[in-house]
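Read through the structure below, which is laid out as structure tokens, and then see the notes.
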Amino acid sequence: MDIEEKKSLTSSWFRELRDMFCEEFVDIDGGSFERKNWDHKFEGGGEMSLMKGEVFEKVGVNISTVSGKFDNDFKSEVKGTEEAPNYWASGISLVAHMQSPKVPAFHFNTRYIVTGDSWFGGGGDLTPTIKKEEEIEFFHKCMKEACDSADPDYYDRYKKACDEYFYLPHRSEARGEG
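For the sequence shown, the numbering used here assigns the number 5 to the initial residue and increments by one for each residue that follows.
Below, the structure is given as structure tokens:
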């Protein structure tokens, strides 16, 4: 499969995934999503889907497909930009805040990025207001199972990266569980 086919397939998949997520949230909550398009300053854009309801204080499921050029000072930090600073990216982001403080907020995103190279990235995290160890353990168990299905080394590797990324030095604590 060539890169253009991969780009088309992933952007279509993120749209389908967004629709599936929104349908599940509506089934749980009974509310409805408002959608709003936005444009990227270079090329492309996305669609925000937002619902406020009885179960979910606010849930957003957003998709985007954008392209452009990285700034010269930033391109050195991104693989595949040695020859040219061009990029293409498509992704989905989900953020859910519940009405009940007993249920953690949840964030998930994944994206497919194309430069001179191509790769998937993303992650997910819980932000509990009231920590319940059994919920945190269940979250990590599910994340480990998902990682293990691809490579048994992924969970430890990506858990370490998440712990570093989500650490708030000014508070000396992690931002949620990732």
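Cβ coordinates follow ideal geometry from the N, Cα and C atoms, glycine included.
Could you check whether residue j and residue i sit closer than 8 Å to each other, using their CB atoms as the reference points?
i: Y34; j: M52; result: Residue identity differs from the one stated: residue 34 is Gly in this sequence, not Tyr. No, they are not a contact pair.
i: P105; j: L130; result: no
i: F37; j: L54; result: yes
i: I4; j: F143; result: In the structure as shown, the chain begins at 5 and stops at 182. Residue 4 is therefore absent and cannot be evaluated.
i: F74; j: Y91; result: yes
i: Y171; j: A165; result: no
Can you pull the DSSP bridge partners for residue i?
i: E47; result: S71
i: A178; result: Y171
i: V99; result: G64 and H111
i: F124; result: Y116
i: A165; result: Bridge partners of A165: none, in fact.
i: A93; result: V70 and I117
i: E38; result: L54
i: D129; result: H111
In chain order, what residues of the same chain lie with their CB nearer than 8 Å to the CB of residue i, ignoring the 5 residues before and after it?
i: N113; result: G95, I96, S97, L98, G126, G127 and G128
i: R115; result: A93, S94, G95, I96, F124, G125 and G126
Assuming residue i contacts residue j under a Cβ cut-off of 8 Å, what Cβ separation, rounded to an integer in Å, is found between them?
i: C151; j: Y169; result: Not a contact, Cβ separation roughly 16 Å.
i: I1; j: E181; result: This structure cannot speak to residue 1, because the chain is shown only from 5 to 182.
i: T119; j: G72; result: Not quite, the Cβ-Cβ distance comes to about 11 Å (not below 8 Å), so this is no contact.
i: T69; j: S153; result: No, T69 and S153 are not in contact; Cβ-Cβ is about 26 Å, not under 8 Å.
Within the same chain, show all residues whose beta-carbon is closer than 7 Å to that of residue i, passing over the 5 residues directly before and after it, in chain order.
i: W123; result: I117
i: F25; result: V65 and L98
i: L21; result: I96
Spatial neighbours of residue i within its chain, please: CB distance less than 6 Å, with the 5 preceding and 5 following residues excluded, ordered by chain position.
i: T133; result: P105
i: K40; result: M52
i: K145; result: none
i: D121; result: K83 and G84
Inset, instruction - For the region 89-102 and the region 53-62, state whether three or more C-beta atom pairs, one from each stretch, are separated by less than 8 Å. - result: yes
Inset, instruction - Evaluate the contact criterion for the region 77-85 versus the region 40-56: three or more CB pairs, one atom per stretch, below 8 Å. - result: They do not touch, by the three-pair rule.
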